[in-house]
Amino acid sequence: GQNIDQPTEMTATEGAIVQINCTYQTSGFNGLFWYQQHAGEAPTFLSYNVLDGLEEKGRFSSFLSRSKGYSYLLLKELQMKDSASYLCAVRDQGGLTGGGNKLTFGTGTQLKVEL
Amino acid sequence: KAGVTQTPRYLIKTRGQQVTLSCSPISGHRSVSWYQQTPGQGLQFLFEYFSETQRNKGNFPGRFSGRQFSNSRSEMNVSTLELGDSALYLCASSLEGGPREQYFGPGTRLTVT
């Protein structure tokens, strides 16, 4: 199984940079996802890491260290609209017939961006 | 291209009843996954269907079941509803179920009284 930990809440200032950490213990690993979820809405995909290192996509970057079971999501030039829950999810090694999408999600980090 | 659609959006049921929720994936997507989201437990994986076969399964009791049709549309059924089944049920679709992002639908808010 998987166990995923991420902070419950974080607060940051508009225009600043924030780093949301995620640690995981896993019996099988086949990639790590970050999703953003605004209140009352469905999660939307932000990033996917399967190899160690940093993936950058505009204001958002995600880092993975498989040996340490650690990832972070970095948000730059924060905007008020970035206030949301950020979900870390680990994809399992394989399912009943191998492959596929079996994601275990953390409980999410509620980010509040203030003026 | 239309997104993932789920029906109904809201549902109120009584304990002991059963319920069927429907999910239509994005056109061309063959993998459909179902999740339960509650404030206490967060997003929990129920099962995944691919080409009408259940490919992955989470740790939910047998009261939770699903199926997928030849057009990739999927349904999930919960029998003998319990108060604890009150949750947002989300489905997500992806192209092949490989290392690709999943696109989530708006969810069905189920309330069990």
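Chains as they are written, first to last, in my numbering: chain Y, 1 to 115; chain G, 116 to 228. Ideal placement from N, C-alpha and C gives every residue a C-beta, glycine not left out. Treat the numbers as computed from the prediction; the structure is a model and nothing was measured.
For residue i, the first and last residue of its enclosing beta strand (DSSP E)
i: G:GLY181; result: 179-183
i: Y:THR44; result: 44-49
i: G:LEU198; result: Taken as a continuous stretch (DSSP letters only), G:LEU198 belongs to no beta strand (DSSP E), as it is neither H nor E.
i: Y:GLU9; result: 9-13
i: G:VAL227; result: 223-227
i: G:VAL134; result: 134-139
i: Y:ARG66; result: From DSSP, Y:ARG66 is part of no beta strand (DSSP E); its letter is neither H nor E.
i: Y:GLU56; result: 53-57
i: G:PHE160; result: 157-165
i: G:SER187; result: Counting along the chain, G:SER187 falls outside any beta strand (DSSP E), and DSSP gives it neither H nor E.
Beta-carbon gap between residue i and residue j smaller than 8 Å
i: G:ASN192; j: Y:ASN101; result: no
i: G:SER208; j: G:LEU225; result: no
i: G:LEU203; j: G:VAL227; result: no
i: G:CYS206; j: G:SER194; result: no
i: Y:TYR24; j: Y:ILE4; result: yes
Between the CA atoms of residue j and residue i - distance to the nearest angstrom
i: G:ASN186; j: Y:SER47; result: 28 Å
i: Y:PHE60; j: Y:LEU73; result: 7 Å
i: G:GLU211; j: G:ARG145; result: 6 Å
i: Y:LEU96; j: Y:THR13; result: Its pLDDT being 48, under 50, Y:LEU96 is placed unreliably in this model, and the coordinates cannot settle the point.
i: G:GLU163; j: Y:LYS57; result: 28 Å
i: Y:LEU64; j: G:SER166; result: 32 Å
i: G:PRO140; j: G:TYR218; result: 9 Å
i: Y:GLU114; j: Y:GLN19; result: 16 Å
i: G:PRO154; j: Y:GLN110; result: 12 Å
i: Y:PHE45; j: G:GLY220; result: 12 Å
i: Y:VAL90; j: G:LYS128; result: 33 Å
i: G:ARG130; j: G:ASN174; result: 21 Å
Buried versus exposed call for residue i [16 or more other C-beta atoms within 10 Å across all chains shown]
i: G:THR122; result: exposed
i: Y:THR104; result: buried
i: G:SER148; result: buried
i: Y:ILE17; result: exposed
i: Y:GLY15; result: exposed
i: G:PHE184; result: exposed
i: G:SER142; result: exposed
i: Y:LEU87; result: buried
Decide yes or no for the touch test of the segment 171-190 of chain G against the segment 72-88 of chain Y: beta carbon pairs closer than 8 Å, at least 3 of them.
By the Cβ rule, the segment 171-190 of chain G does not count as touching the segment 72-88 of chain Y, because fewer than three pairs are nearer than 8 Å.
Does the segment 22-40 of chain Y come into contact with the segment 122-138 of chain G, if we say contact requires no fewer than three beta-carbon pairs (one atom in each stretch) closer than 8 Å?
Too few Cβ pairs lie closer than 8 Å, so no.
Decide if the segment 28-37 of chain Y is in contact with the segment 50-67 of chain Y; the criterion is three or more beta carbon pairs, one per stretch, under 8 Å apart.
Enough Cβ pairs lie closer than 8 Å, so yes.
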